[in-house]
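Take a look at the structure below.
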Amino acid sequence: MIPRLAFSEQTSRLFRDYLNVLAAQGFCGELRHDFGTRLVTATDNSIYQITPQAVVYPRNAEDIQRALRLATEPRFQDIKITPRGGGTGTNGQSLSAGIILDCSRHLNRILDVNVEEGWVRVQPGVVLDQLNDQLAPLGVFFAPNLSPSSRATLGGMINTDACGKGSRIYGRTSDHVLALTCILSDGAKLDVEPWEAEALAQVKSRDGLAGSALRVVDEIVTEKAEVIERVFPKLSRFLTGYNLAKVYGNDDGCFNLNYLLAGSEGTLAVITEAKLRLTPLPRHKELLVVKYESFDDALTAAELLVESNPAAIETIDEKILELAKEDEIYPLVQDFLTDEGDRPTRAINLVEFIGNSPEELVQKISELCERLDANRSAPGQATGYYRTTTPSEMGDLWNLRKKGVGLLGNTKGTRKPIPFVEDTCVPPKNLAPYIREFRALLESYGLDYAMFGHVDVGCLHVRPALDLKEPEQEHWLREISDGVMQLVRKHGGVMWGEHGRGFRSEYTPQFFGELYPDLRRIKEAFDPCNRLNPGKIVTPLSSSDEPVGVDAPLRGQQDRQIHPDLRSEFDAAVSCNGNGACFNYQPHDVMCPSSRATRDRRHSPKGRAGLLREWLRQLSVEEAEGRSQKAEGGFFRFRKGVELAAPLFPCCRGTVFVEQQA
């Protein structure tokens, strides 16, 4: 017989009572507190693991109102609620020990499309690819581009103010938000759009939380305008998370709360609907693959490439190029990555140009190619390049870039490249010296690492290879994070250039300085009881709670309890990085039939890997403590149970399901 999980972490009485009352009040969606659902929701694409008390799946906006309104009752004042989308965050933004409000299961409808006026209305659980697949025949798209576009939800993108390839010309998600409908922490509904002075005055005069919160925000951004101008760094990847600089930042003079809500990680309100700007699809594209002998050369070349005004510049280092040779993508791209004579290709820049006519593209690219040719023989310059306008070739090359994180997951050994300092951003002119110091920091710990990303905006994804099952390396996490924070400040950048703040919120005071109390005032105005995603970004001004930090509970602390032999045998389950590529919305994507049929993430490869890890952990702990397993046959019976269970988890014994990230 296969041993059963002990379900040692039971939902508390308070939360069970809350769920029972919520059901009695007419909640239409699902209310779950079974251990399997909670465990699958305890991880995202980060290094953290925090088991929630419950997971609720609202079916409509009224469900969200019911949930938040009920939590205002004195008997439920300790209930905490965190909204969640696709679970692709790399910093634990949607992890919580309270209730997870999962908007991906039911709130996933595209409500209205108006191509003539250039907007679309969606629910927060709509996936980016889902939207763009429907828009493509209409000649438009939603411009922010993410690598996990097959499972990243628009609600999650708004809450982290996400962006990726092409952000230098297309901007962040917040630049495309026209209006939001959201529910405040007291259950009140608020419709948000840019307000001129008269309309703003009317909204501010409202009774209740909405009016008072807007009065606080307007007071701060008006009275602290000079401080905001001085404190906020001048980056194309502007600072996210309570973006005060953009509330009055547009030329129209309107008060735009959308910029404050975007990037707030669900700490101020829960989004139930969004009206988004559409962008015409580029008519013509051309991609240039520029080759270099070193990663430093590729970084240094960024300024030259940016002068040609491309739509995007993406850099890939030698480690990823080497790992790609073992992947199915390599035969499709190897002809574009060849060495140039005796000069090896150890890094590349993918440079994309878009235009309304072929002639426009030819002029831009020809001028750049002439400059590359003129410098080709010089040390530190590009060794060669490849040009293509073929859609299949461009698609294969961009897939190579999208596979970056997945390829890193195939790194041999127990040390795996992990995200915790991977989206820092500095001015592009400072990128090369910054990265040199960054690499020196990592090398001082003897660490391997990989680097790739958006060189045109100074945002590189850096993943040091650590094994967080080892306590010593867990300590390095703190030391490296602190060191990188100092480097980022030295070079005029930010710690969170793309993927939100999450468990790096402890660094917020160091970046915002004298504005930090004002951020806390805003949090208190919207969420005085610290109910929404508590600890992320800031805490209310009157609260003694501190922002969450990088020392939060790690998945590695759980995995290290699994017997080493079993970690090796079930390496795929242990190596799953949790980003959720198996959550791909595409119905034709090959995946477990049970996962496709039920849309229950417990049945996905990620879900099964997480359940299997916990089962192995509990059995390992029981064996180590000499309890039931030892009394009934010791490790032999324990291993027999594992062998019996193994056929139930084929995805966790063979191919490693690795994921992708922007």
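Residues 1223 to 1884 (my numbering) make up the sequence shown, in order.
The beta carbon of each residue, even a glycine, is placed where N, CA and C say it ideally should be.
ASN1336 sits away from VAL1348, with the two beta carbons spaced by 8 Å or more.
LEU1521 has its alpha-carbon roughly 44 Å from the corresponding atom of PRO1815.
In this structure, the alpha-carbon of GLU1544 lies about 20 Å from that of GLU1665. Fewer than three beta-carbon pairs drawn from the segment 1708–1716 and the segment 1408–1422 are found closer than 8 Å, and the two stretches are therefore not classed as touching. Taking SER1396 as the centre and dropping the five residues before and after it, the same chain places the C-beta of ASP1383, TYR1481, ALA1484 closer than 6 Å to its C-beta, in chain order. Here GLU1562 is bridged, per DSSP, to ARG1565. Judged by beta-carbon spacing, TYR1608 lies beyond the 8 Å limit of CYS1591, meaning their Cβ atoms are not closer than that value. Nearest in C-alpha terms to VAL1584, of all of ALA1293, THR1610, LEU1261, ASN1799, is THR1610. Across the set VAL1677, SER1614, ALA1654, the C-alpha of ALA1654 shows the shortest separation from the C-alpha of HIS1713. Put simply, the segment 1341–1358 does not touch the segment 1752–1761. Fewer than three CB pairs are less than 8 Å apart. Per DSSP, reduced to three states, the secondary structure at LYS1745 is helical. In the structure shown, MET1717 falls within a coil segment according to DSSP collapsed to helix, strand and coil.
The C-beta distance from SER1268 to GLY1724 rounds to 7 Å, short enough to fall under 8 Å. LYS1625 carries a coil assignment under DSSP once its states are collapsed to helix, strand and coil. When the five nearest sequence neighbours on each side are left out, the beta carbons in the same chain lying within less than 7 Å of the beta carbon of LYS1651 are those of GLU1525, in order along the chain. Three or more Cβ pairs drawn from the segment 1776–1789 and the segment 1685–1703 lie within less than 8 Å of each other, which places the two stretches in contact. The DSSP-derived three-state label of ARG1343 is strand.
Going by DSSP, THR1537 is part of the beta strand (DSSP E) stretching over 1534–1538. CA-to-CA, the gap between GLU1701 and TRP1718 works out to about 17 Å. Going by C-alpha positions, HIS1328 is about 20 Å away from LYS1828. Counting only runs that start and end inside the segment 1767–1854, the alpha helix (DSSP H) elements of at least 4 residues fall at 1777–1781, 1786–1791, 1793–1797, 1815–1820, 1827–1846, 1850–1853.
Inclusion of ILE1744 and ILE1493 in the CB contact set at 8 Å is not warranted, their separation being larger than that value.
The C-beta of ARG1658 has fewer than 16 other C-beta atoms within 10 Å across all chains shown, which makes the residue exposed. About 7 Å separates the beta carbons of PHE1558 and LEU1619, which is inside the 8 Å limit, making them a contact pair. In the DSSP annotation of this structure, the continuous segment of the alpha helix (DSSP H) that includes HIS1697 starts and ends at 1693–1712.
Distance from the CA atom of GLY1377 to the CA atom of HIS1721, rounded to whole angstroms, is 14 Å. In this structure, the beta-carbon distance from ALA1410 to ALA1435 does not fall below 8 Å. LYS1651: not part of any beta strand (DSSP E); DSSP gives it neither H nor E. With a minimum length of 4 residues, the unbroken runs of alpha helix (DSSP H) contained wholly in the segment 1406–1474 fall at 1419–1426, 1430–1445, 1447–1453, 1466–1469. Assignment of GLY1378 by DSSP, reduced to helix, strand and coil, places it in the helix class. DSSP places ILE1542 within a helical segment (H, G or I) once states are collapsed to three. Here LYS1586 carries a helix assignment [DSSP, helix/strand/coil].
Rounded to whole angstroms, the Cβ separation of PRO1305 and GLY1488 is 4 Å, and the two are in contact under 8 Å.
Separation of the CB atoms of PRO1641 and THR1633 is rounded to 14 Å, and the pair is thereby denied contact status at 8 Å.
PHE1517: member of the alpha helix (DSSP H) spanning 1517–1522, first to last residue. Listed in chain order, the beta strand (DSSP E) runs fully inside the segment 1293–1331 are 1303–1306, 1321–1324, counting runs of at least 3 residues.
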